[in-house]
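See below for the structure under consideration.
Residue numbers (my numbering): 594 to 842.
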């Protein structure tokens, strides 16, 4: 009974069952070969596990490399914007203009500048993630109550202590939330970018199945793309629980 209760409270189990139920409903209602059975699709993925693994790793590596570069560049800029009001006033209009623009529209520009290979695709994802990181970190800094800084001043804290014990812990929840938002947009844009001059990637795999009218393969790719997003989100949950335990309910 306790095991059943734990399963019913597990978000992954509930989400998986809901998706399978919705998928099966479409499969029976539409009754066309364009929407295959979910179990038939999952079984097909196991028959091509090596190719699908290579496609998944290619997409995952592009996202992780872009995320790493975005953090290295975006976090210091966000911190500087948060602590320097003059720089924030000068630079914020530039951010506010670029942030709402659909970043995937810049893919042709990156292809012209960096070619059709992996660099242009990684640059596109960086372009998507970095603005979210900068704004999340900046907002995290500006939302720190001024009384906290006065407390640090009363202890004659050094600059390193300000960042170590106040600024960085304060911005971590905002940063992880920003990463979650940007990852979802990044995966959607990566699907589009991987349709050009690519031989490995989930986006390429999905479109390849569609053009061949292999709808089992196409839906299998969509399923794997969702699993990649789930994997990244669960890793972020794990990091959040260890880096900012005070923010957990």
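Even for Gly, the Cβ is constructed at its ideal location relative to N, Cα and C.
Closest by CA to residue i, which one among the options?
i	options	result
residue 673	741, 732, 791 and 774	732
residue 703	725, 714 and 803	714
residue 767	756, 787, 680 and 837	837
residue 698	636, 721, 617 and 658	721
residue 638	833, 813 and 827	813
residue 736	757, 765, 749 and 833	765
residue 658	719, 618, 679 and 705	719
Quick check: what's the CA-CA separation for residue i versus residue j?
i	j	result
residue 684	residue 667	13 angstroms
residue 831	residue 795	25 angstroms
residue 790	residue 605	35 angstroms
residue 753	residue 676	14 angstroms
residue 631	residue 782	25 angstroms
residue 723	residue 621	43 angstroms
residue 708	residue 788	14 angstroms
residue 762	residue 614	41 angstroms
residue 777	residue 646	20 angstroms
residue 717	residue 696	7 angstroms
residue 689	residue 643	43 angstroms
residue 691	residue 711	23 angstroms
residue 828	residue 747	38 angstroms
residue 660	residue 700	17 angstroms
Less than 7 angstroms between the CB of residue i and some heavy atom of the ligand HEM, yes or no?
i	result
residue 670	In the structure shown, the ligand HEM is absent, as is every other ligand, since no ligand is present at all.
(message) Quick check on the DSSP output: what are the complete alpha helix (DSSP H) runs of length 4 or more inside the stretch 755-836, in order along the chain?
(response) Inside the stretch 755-836, DSSP marks whole alpha helix (DSSP H) runs of 4 or more residues at positions 761-786, 795-804 and 808-836, from first to last along the chain.
(request) Flag this pair as touching only if the stretch 819-830 and the stretch 738-753 have three or more C-beta atom pairs under 8 angstroms; answer yes or no. (result) Counting C-beta pairs with one atom in each stretch, the stretch 819-830 and the stretch 738-753 have fewer than three that are closer than 8 angstroms, which means they do not touch.
(request) Evaluate contact between the stretch 763-774 and the stretch 720-734, counting only Cβ atoms and requiring at least three cross-stretch pairs below 8 angstroms. (result) By the criterion of at least three beta-carbon pairs nearer than 8 angstroms, the stretch 763-774 is in contact with the stretch 720-734.
(message) So, does the stretch 645-661 touch the stretch 794-808, judging by three or more C-beta pairs under 8 angstroms?
(response) Yes, they touch.
(request) Give, in chain order, every unbroken run of the alpha helix (DSSP H) that is at least 4 residues long and sits entirely within the stretch 678-753. (result) Here the runs fully enclosed are 678-691, 700-707, 711-735 and 739-747.
(message) Under 8 angstroms: do the stretch 613-629 and the stretch 808-819 share three or more Cβ pairs, one atom per stretch?
(response) A contact exists between the stretch 613-629 and the stretch 808-819.
(message) Please give the ranges of any beta strand (DSSP E) in the stretch 642-678, keeping only runs that are unbroken, at least 3 residues long and fully inside the region.
(response) The beta strand (DSSP E) runs lying completely inside the stretch 642-678 and spanning 3 residues or more number zero.
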